[in-house]
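Q: The numbering of the sequence shown is the numbering used here, which starts it at 1124 and goes up by one.
Don't be surprised by glycine CBs; every beta carbon is placed ideally from N, CA and C.
In this text, all values refer to a predicted model and were calculated from it rather than measured experimentally.
What follows is a structure written as structure tokens; I'll ask about it next.
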Amino acid sequence: MNLFNIENKIILVTGSCGVLGGGIAKYLLENNATVILLHYKEAPLLETINTFKKISNKVAGYVCNVVEEKSLQEVASKIMDTYGKIDILINAAGGNKPGATVGPNQSVFDVDVEQFKQVVDLNLFGSIIPSLVFGKQMAKNKKGAIINLSSMAADRAITRIMGYSASKAAIDNFTKWMSVELAQKYGDGMRVNAVAPGFFIGNQNRALLTNDDGSYTDRGNTIIKNTPMNRFGEADELNGAIHYLCSEASKFVTGIVIPVDGGFSAFSGV
Ligand SMILES: NC(=O)c1ccc[n+]([C@@H]2O[C@H](COP(=O)([O-])OP(=O)(O)OC[C@H]3O[C@@H](n4cnc5c(N)ncnc54)[C@H](O)[C@@H]3O)[C@@H](O)[C@H]2O)c1
């Protein structure tokens, strides 16, 4: 038996037009899974589907917003009608807002509470609501896996990104809580885990980490100094952990957060 065979899996990916979600979706298609892209804007979704069709015809997509329960429920019924099951949900939609961040010449007292709430809404409820809606379908078969995207910001204070850090810390807790709930109530076929990427250049953090000429900002350099492997991650370096968590190779693994971080979380900085 090939423990890593995922070719019969129906895998949903939110944030699938983003840097990490898009990379994950592409990799899963290359490994013969059926991948359903979820995105809240039609034009980029169609563009991504067309690009991925060159890799595999097992790609499909639906427009839905991860913070709108009704929109997710409509998509869940369409997916169940078409495929009859959902094996895996990868919650890769997420993001930050300038107002929820402490700017270079600001302090915590300048943080915009409304924008803070919007960041929590997207990063926390944007994973919780899809987990409830699609997880309910998995629970009917007592089989399924949910994978959340945590962050290095969940565990220790990373300056400036206050709202984002609070929501990712809550994601770690939600991952553990939901893993216990689903295993206890629906059995050992239901798993919930997370990956915590270190620093990858994405759309959200590009301006914080790199200058227009491609050199690193002071913050970018500080991160590199605190990453023993001495570099940022490449999006495809998440694929191994994701593949493991999607596959039968991790069938007794639930409630964990796997750091993929070049050693950042292990290092004291000294
Ligand atoms: N890039 C990194 O270094 C890094 C590090 C740690 C964690 N993460 C996390 O990984 C995940 C993906 O990050 P990324 O770098 O690919 O970001 P990204 O901005 O490239 O992708 C996020 C995607 O989510 C989509 N999205 C935003 N709001 C949405 C909504 N309401 N409904 C549906 N989709 C919505 C965006 O349009 C975008 O396509 C995020 O949760 C992020 O916090 C990223």
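#1: Specify whether the region 1200–1209 and the region 1221–1235 touch according to this definition: at least 3 beta carbon pairs, one from each stretch, less than 8 Å apart.
#2: Below 7 Å between beta carbons: does that hold for LEU1212 and PHE1248?
#3: If you follow the beta strand (DSSP E) that TYR1185 is part of, which residue opens it and which one closes it?
#4: List the whole-angstrom C-beta distance separating GLY1325 from VAL1142, where the pair is believed to meet the contact cut-off of C-beta under 8 Å.
#5: Starting from GLY1267, follow its DSSP beta bridges and name the residues at the other end.
#6: Keeping to the same chain, check which residues put their C-beta closer than 6 Å to that of SER1273; ignore five residues upstream and five downstream.
#7: Suppose you measure from the CA of LEU1126 to the CA of ASN1180; what does that come to, to the nearest Å?
#8: Within the chosen definition, does the region 1381–1390 reach the region 1361–1372 through at least 3 CB pairs nearer than 8 Å?
#9: Could you compute how far the alpha carbon of GLY1218 sits from the alpha carbon of LYS1266?
#10: For GLY1385, does the count of other Cβ atoms within 10 angstroms reach 16, so buried, or fall short, so exposed?
#11: Nearer than 6 Å: is that true of the beta carbon of GLY1286 relative to any heavy atom of ligand 1?
#12: By alpha-carbon positions, which one of VAL1231, ARG1314, LEU1245 and ILE1129 ends up nearest to ALA1156?
#13: According to DSSP, VAL1136 sits in a beta bridge with which residue or residues?
#14: Starting from VAL1383 and walking both ways along the beta strand (DSSP E), at which residues does that stretch end?
#15: Would you decide whether ASP1335 is buried or exposed? Buried here means 16 or more other CB atoms lie within 10 Å of its CB.
#16: Using CA atoms only, rank isn't needed, just tell me which of SER1391, GLN1196, LYS1164 and PHE1355 is closest to ALA1216.
#17: Mark ASP1359 as exposed unless 16 or more other C-beta atoms lie within 10 angstroms of its C-beta, in which case mark it buried.
#18: Mind checking whether the beta-carbon of CYS1369 lies closer than 6 Å to any heavy atom of ligand 1?
#19: Measuring only the C-alpha atoms, how far is ASP1235 from ASP1244?
#20: Are three or more beta carbon pairs between the region 1130–1139 and the region 1342–1352 nearer than 8 Å?
#21: When you compare each of LEU1255, LEU1169, SER1194 and LEU1361 to TRP1300 by their alpha carbons, which one comes out closest?
#22: Quick one: does the C-beta of PRO1320 sit closer than 6 Å to a heavy atom of ligand 1?
#23: Is it buried or exposed, MET1124, if we count other Cβ atoms within 10 angstroms and call 16 or more buried?
#24: Can the beta-carbon of GLY1356 be found less than 7 Å from the beta-carbon of PHE1323?
#25: Could you name the residues of the same chain whose beta carbon sits closer than 6 Å to that of ASN1271, not counting the 5 residues immediately before and after it, in chain order?
#26: Does ASN1344 pass the burial test, meaning 16 or more other C-beta atoms within 10 Å, or should it be called exposed?
#27: Secondary structure at VAL1318, three-state DSSP: helix, strand or coil?
#28: Does the distance between the C-beta of SER1274 and the nearest non-hydrogen atom of ligand 1 fall short of 6 Å?
A: The answer reads as follows:
#1: Judged by Cβ distances under 8 Å, the region 1200–1209 makes no contact with the region 1221–1235, as fewer than three pairs qualify.
#2: Numbered from its first residue, the sequence shown carries residue 1212 at position 89. Numbered from its first residue, the sequence shown carries residue 1248 at position 125. Between LEU1212 and PHE1248, the C-beta gap is not smaller than 7 Å, which leaves the two residues out of contact.
#3: On the sequence shown, residue 1185 is found 62 positions in, with the first residue counted as 1. Residues 1182–1186.
#4: To locate residue 1325, count along the sequence shown from 1; it is residue 202. To locate residue 1142, count along the sequence shown from 1; it is residue 19. Distance from GLY1325 to VAL1142 at the Cβ level is roughly 4 Å; contact confirmed, criterion being Cβ atoms closer than 8 Å.
#5: Residue 1267 sits at position 144 when you count from the first residue of the sequence shown. Answer is MET1313, bridged to GLY1267.
#6: Taking the first residue of the sequence shown as position 1, residue 1273 is located at position 150. For SER1273, same chain residues with a beta-carbon under 6 Å away, outside a window of 5 residues either side, are LYS1291, ILE1294, ASP1295, ALA1317, ALA1319 and VAL1380 in chain order.
#7: Here residue 1126 corresponds to residue number 3 of the sequence shown, with the count starting at 1. Here residue 1180 corresponds to residue number 57 of the sequence shown, with the count starting at 1. In a straight line, the C-alpha of LEU1126 is about 24 Å away from that of ASN1180.
#8: Of all C-beta pairs linking the region 1381–1390 to the region 1361–1372, three or more are shorter than 8 Å, placing the two stretches in contact.
#9: The count along the sequence shown starts at 1 and reaches residue 1218 at position 95. The count along the sequence shown starts at 1 and reaches residue 1266 at position 143. Computed Cα separation, rounded: 29 Å.
#10: For the purposes of this step, residue 1385 is identified with residue 262 of the sequence shown, where counting begins at 1. Looking at its Cβ environment, which holds 16 or more other Cβ atoms inside 10 Å, GLY1385 is buried.
#11: One-based indexing of the sequence shown puts residue 1286 at position 163. GLY1286 Cβ: outside cutoff for every heavy atom of ligand 1.
#12: Within the sequence shown, the letter at position 33 stands for residue 1156. When only C-alpha atoms are compared, the closest one is ILE1129.
#13: The residue labelled residue 1136 in the question sits at position 13 within the sequence shown. Per DSSP, LEU1160 and ILE1213.
#14: Within the sequence shown, the letter at position 260 stands for residue 1383. Per DSSP, VAL1383 belongs to the beta strand (DSSP E) from 1380–1383.
#15: Residue mapping note: residue 1335 aligns to position 212 of the sequence shown, counting from 1. Answer is exposed; the Cβ neighbour count stays below 16.
#16: Here residue 1216 corresponds to residue number 93 of the sequence shown, with the count starting at 1. Ranking SER1391, GLN1196, LYS1164 and PHE1355 by Cα distance to ALA1216 puts LYS1164 first.
#17: Working through the sequence shown from its first residue, we reach residue 1359 at position 236. That one is exposed.
#18: Mapped onto the sequence shown, residue 1369 falls at position 246. Result no, Cβ not under 6 Å from ligand 1.
#19: For this step, residue 1235 is matched to residue 112 along the sequence shown. For this step, residue 1244 is matched to residue 121 along the sequence shown. Their Cα atoms are separated by approximately 14 Å.
#20: Contact between the region 1130–1139 and the region 1342–1352 is absent, with fewer than three C-beta pairs closer than 8 Å.
#21: Residue 1300 sits at position 177 when you count from the first residue of the sequence shown. Comparing Cα positions, the closest option is LEU1255.
#22: By one-based count along the sequence shown, residue 1320 stands at place 197. Answer for PRO1320: yes, Cβ within range of ligand 1.
#23: For the purposes of this step, residue 1124 is taken as residue 1 along the sequence shown, with counting starting at 1. It is exposed - the Cβ of MET1124 has fewer than 16 other Cβ atoms within 10 Å.
#24: Residue mapping note: residue 1356 aligns to position 233 of the sequence shown, counting from 1. Residue mapping note: residue 1323 aligns to position 200 of the sequence shown, counting from 1. A contact, by the Cβ cut-off of 7 Å.
#25: Your numbering for residue 1271 matches position 148 in the sequence shown. Here the set comprises ASN1214, SER1250, ILE1294, THR1298 and ALA1317.
#26: Position 221 of the sequence shown holds residue 1344. ASN1344 comes out exposed.
#27: Here the question's residue 1318 lines up with position 195 in the sequence shown. The answer is strand: DSSP assigns VAL1318 an E or B state.
#28: Within the sequence shown, residue 1274 is the residue found at index 151, counting from 1. Inclusion of SER1274 in the 6 Å shell around ligand 1 follows from its C-beta lying nearer than that to a non-hydrogen atom of the ligand.
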